[in-house]
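A.B. asks: Numbering (the UniProt record's numbering), first residue to last: 1 to 243.
(1) Is the number of C-beta pairs between the stretch 162–171 and the stretch 134–143 that are closer than 8 Å three or more?
(2) According to DSSP, is residue 32 part of a helix, a strand, or is it coil?
(3) First and last residue of the alpha helix (DSSP H) that includes residue 68?
(4) Rounded C-beta distance between residue 83 and residue 50? I'm assuming under 8 Å.
(5) Under the rule that 16 or more other beta-carbon atoms within 10 Å means buried, what is residue 216, buried or exposed?
(6) Between which two residues does the alpha helix (DSSP H) harbouring residue 181 extend?
(7) Apart from the five residues on each side of it in sequence, which residues of its chain come closer than 8 Å, Cβ to Cβ, to residue 232?
(8) Whole-angstrom Cβ separation of residue 202 and residue 211, contact assumed at under 8 Å?
(9) I'd like to know if residue 35 contacts chain D, where contact means its C-beta is closer than 8 Å to some C-beta of that chain.
(10) Count the other CB atoms, across all protein chains shown, that sit within 10 Å of the CB of residue 128; report buried if there are 16 or more and exposed otherwise.
(11) Can you give, in chain order, each stretch of the alpha helix (DSSP H) that sits fully within the UniProt repeat "TPR" (98–131) and has at least 4 residues?
(12) Between the beta-carbon of residue 121 and the beta-carbon of residue 158, is there less than 8 Å?
(13) Spatial neighbours of residue 175 within its chain, please: CB distance less than 6 Å, with the 5 preceding and 5 following residues excluded, ordered by chain position.
(14) Should residue 33 go down as buried or exposed, given a rule of 16 or more other Cβ atoms within 10 Å for buried?
(15) What's the call for residue 164, buried or exposed, on a 16-neighbour Cβ count within 10 Å?
(16) Taking residue 117 as the reference, give the member of 131, 58, 97 and 102 with the closest Cα.
(17) Using a Cβ-Cβ cutoff of less than 8 Å, which residues in the same chain neighbour residue 242 once the five nearest sequence positions on both sides are dropped?
(18) Could you give the first and the last residue of the continuous alpha helix (DSSP H) run that contains residue 242?
(19) Return yes when the C-beta of residue 109 is under 7 Å from any heavy atom of the ligand COA, and no when it is not.
(20) Going by Cα to Cα distance, which pick from 94, 239, 240 and 138 is closest to residue 115?
(21) Grab the span of the alpha helix (DSSP H) containing residue 92 for me, first residue to last.
Listed below in structure tokens is the structure:
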């Protein structure tokens, strides 16, 4: 069965610039539009935010932050190609901000353009090498490209930055599991469920490890825990192993 890594949730992984924006040639009406669009993004009103930002960008066609915000709204609205276009415009007007590269990488990963996503994560990390999510998401891309060694290197860097992140720990466990390093996989998976007891996938993988070690009683217990958390594969495994 194929193993997939989990990147951060969209609303966590994309980066919206919500700080104050100073526009030297912008009147109060434009400032109000930008403030309104920020609030709309925070409230999940993505289509309204796009409309507000469209109006803002008519008067401020070189404002990188507004393109980034509209890109976020497009990505959250399941319009990744439009998001890529907006993040590209943000990069065009401000190529030194890692967040624009990071967001475009997420959008490119969404459409399955893994080589381009990898290049953007590389640039984001070059600009700011201390962001755990960037290493985590790049590890996901590398894993999907079957480069387990590089994925492991990135997940180790993510662990250095965020050792108490349950999702980072889960993905570390999954990479080690894919490499048949079961002891290390188990250690990270156990840490993941210690940090977040709702990680059904971690219980499922721990059940797999127990089953591979012929501890069927423990495997049954772990599969049942995964099933109780709504993990579909855990439910199927529990029905098989526990019967």
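Quick reminder that beta carbons are idealized off the backbone N, C-alpha and C, glycines included.
Just so we're clear, the structure is a prediction, and the values are computed from it rather than from any experiment.
C.D. replies: Put simply:
(1) yes
(2) helix
(3) 64–76
(4) With 8 Å as the limit, residue 83 and residue 50 do not qualify as a contact, their Cβ atoms being about 11 Å apart.
(5) exposed
(6) Neither: residue 181 is in no alpha helix (DSSP H) and is coded neither H nor E.
(7) none
(8) At roughly 15 Å, the Cβ-Cβ gap does not stay under 8 Å, so residue 202 and residue 211 are not in contact.
(9) Of the chains in the structure shown, none is chain D; there is only one protein chain.
(10) exposed
(11) 98–110 and 114–127
(12) no
(13) 151, 152 and 155
(14) buried
(15) exposed
(16) 102
(17) 220, 223 and 224
(18) Premise fails: residue 242 is in no alpha helix (DSSP H) and is neither H nor E.
(19) As far as ligands go, the structure on display features none, and thus does not contain the ligand COA.
(20) 138
(21) 80–93
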